[in-house]
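The block underneath contains the structure these notes are about, expressed in C-alpha cells.
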DNA sequence: CTCTTATTGGAAATGATTTTCAATAAGAAA
DNA sequence: TTTCTTATTGAAAATCATTTCCAATAAGAG
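Protein chains in written order, with the working numbering: chain A, 34 to 163; chain B, 34 to 163.
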C-alpha cells in the first residue's frame, strides 16, 4: 500500500501546522471553502483520523461532543473550558508525578487534558450573578 | 421552582453512587431495565445532565464520542484508554504544579483527565505484533 | 502514455443526545 | 384525604457530528 500525496492531505496538515486554535472538522471545512480549496467533508474526517493514527495530530473531544484537532507540539498540555468549549495550550514541562503516571499508563504530554472554566467565562459568569 | 423526588432520579443517583466503572447513559438504561425499574432513556439523559450541573456527578467524554458518568469523589483523577475507552480511577493527591493550574483555571481533581493506552491494551497490542 | 489502485466526495446510514409536548404524578394546600 | 398546581416523565421526532458505501477520480509507478 503506497500512500499518495494529494492537495486535500496537504491542506489539512498545513492548516493545522499553522494555527494554534484547535479547530473542529467543521472549522477546517469552512476554512478550506473560504480559501477556495476543493475538499469534501468526508475527506477531512478521514484525513484527520489518519493523522491521529500516525501520531502527527491529537484529537480532543469537548463536552459538547465535538472533536477538535491540534498538530502535536512539545511540552504543553490542554485546558478545555466546559463553558465555551475553547481549548487552551498551557506550557507544562515534565513533573515528577505526571512522569510516574506516564510510565504506568502509556500517555504523553498532549494526552493530558484538564477541564474547567476559563478566565473569560469565570468573569462573565460572576458578573451575570446579581 | 420546587424540585420533586422521583424514583427515576433516585435510581440514577444511587446507581452511580454504588459503582466505580463510569457507565454511559446506555449502560445505566440497560441496568434499569435489568432491575425492572421503569425509566425512559430521555429521563436518564436529563437527570444526568442536571446532576452534572449541580456538581454531584462528572461527565467524561471518550474519543468514541460517548459520555460516561461518575459520582464525584475526592482525590482521584481519571485515566481514559484511547483503545478500549474504559476509564480508570487513579489516586492523585494535590501536587504543586496542578494546584497552581487549579488557581489559574477553575478546575478540580475530577476534571483532570489523562488519555493513553491502558496496561491490558498495551499487552494485547504488543502481543499481536509479529 | 497507460494502468493500477489509493483517494476522493456525495448520499445515505449511524448513533448518541436533545427537543417537543401531551400524559403523569409529586407534594403543597385545602 | 382530596384537590390542584406544575415539575417531571417518556415516546416520537429532530438534531448533529461522524462513519460507511461505492462509483468516479487522479497520483504516480512502470
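Glycine included, every Cβ here is placed at the ideal spot set by N, Cα and C.
is_contact[residue i, chain B] using C-beta, thresh 8 Å
{"i": "residue 146/A", "result": "yes"}
{"i": "residue 8/A", "result": "The question about residue 8/A has no answer here: the residues shown for chain A are numbered 34 through 163."}
{"i": "residue 128/A", "result": "yes"}
{"i": "residue 134/A", "result": "yes"}
{"i": "residue 60/A", "result": "no"}
{"i": "residue 83/A", "result": "no"}
{"i": "residue 51/A", "result": "no"}
{"i": "residue 123/A", "result": "yes"}
{"i": "residue 98/A", "result": "yes"}
{"i": "residue 163/A", "result": "Low confidence applies to residue 163/A: its pLDDT is 41, below 50, so where it sits in the model is not reliable enough to give any reading."}
Within 8 Å, strictly: CB atoms of residue i and residue j
{"i": "residue 116/B", "j": "residue 95/B", "result": "no"}
{"i": "residue 55/A", "j": "residue 109/A", "result": "no"}
{"i": "residue 57/A", "j": "residue 99/A", "result": "yes"}
{"i": "residue 138/B", "j": "residue 134/A", "result": "no"}
{"i": "residue 89/B", "j": "residue 149/B", "result": "no"}
{"i": "residue 121/A", "j": "residue 91/A", "result": "no"}
{"i": "residue 128/A", "j": "residue 130/B", "result": "yes"}
{"i": "residue 82/A", "j": "residue 61/A", "result": "no"}
Residue-level contact to chain A via CB, residue i, 8 Å cutoff
{"i": "residue 103/B", "result": "no"}
{"i": "residue 112/B", "result": "yes"}
{"i": "residue 94/B", "result": "yes"}
{"i": "residue 151/B", "result": "yes"}
{"i": "residue 108/B", "result": "no"}
{"i": "residue 140/B", "result": "yes"}
{"i": "residue 54/B", "result": "no"}
{"i": "residue 155/B", "result": "yes"}
{"i": "residue 118/B", "result": "no"}
In DSSP terms, what residue i is bridged to
{"i": "residue 100/A", "result": "94/A"}
{"i": "residue 57/B", "result": "101/B"}
{"i": "residue 121/A", "result": "112/A"}
{"i": "residue 147/B", "result": "145/A and 112/B"}
Supposed close pair residue i, residue j - CB separation, criterion 8 Å
{"i": "residue 80/B", "j": "residue 41/B", "result": "6 Å"}
{"i": "residue 45/A", "j": "residue 93/A", "result": "The Cβ separation is near 16 Å, so there is no contact."}
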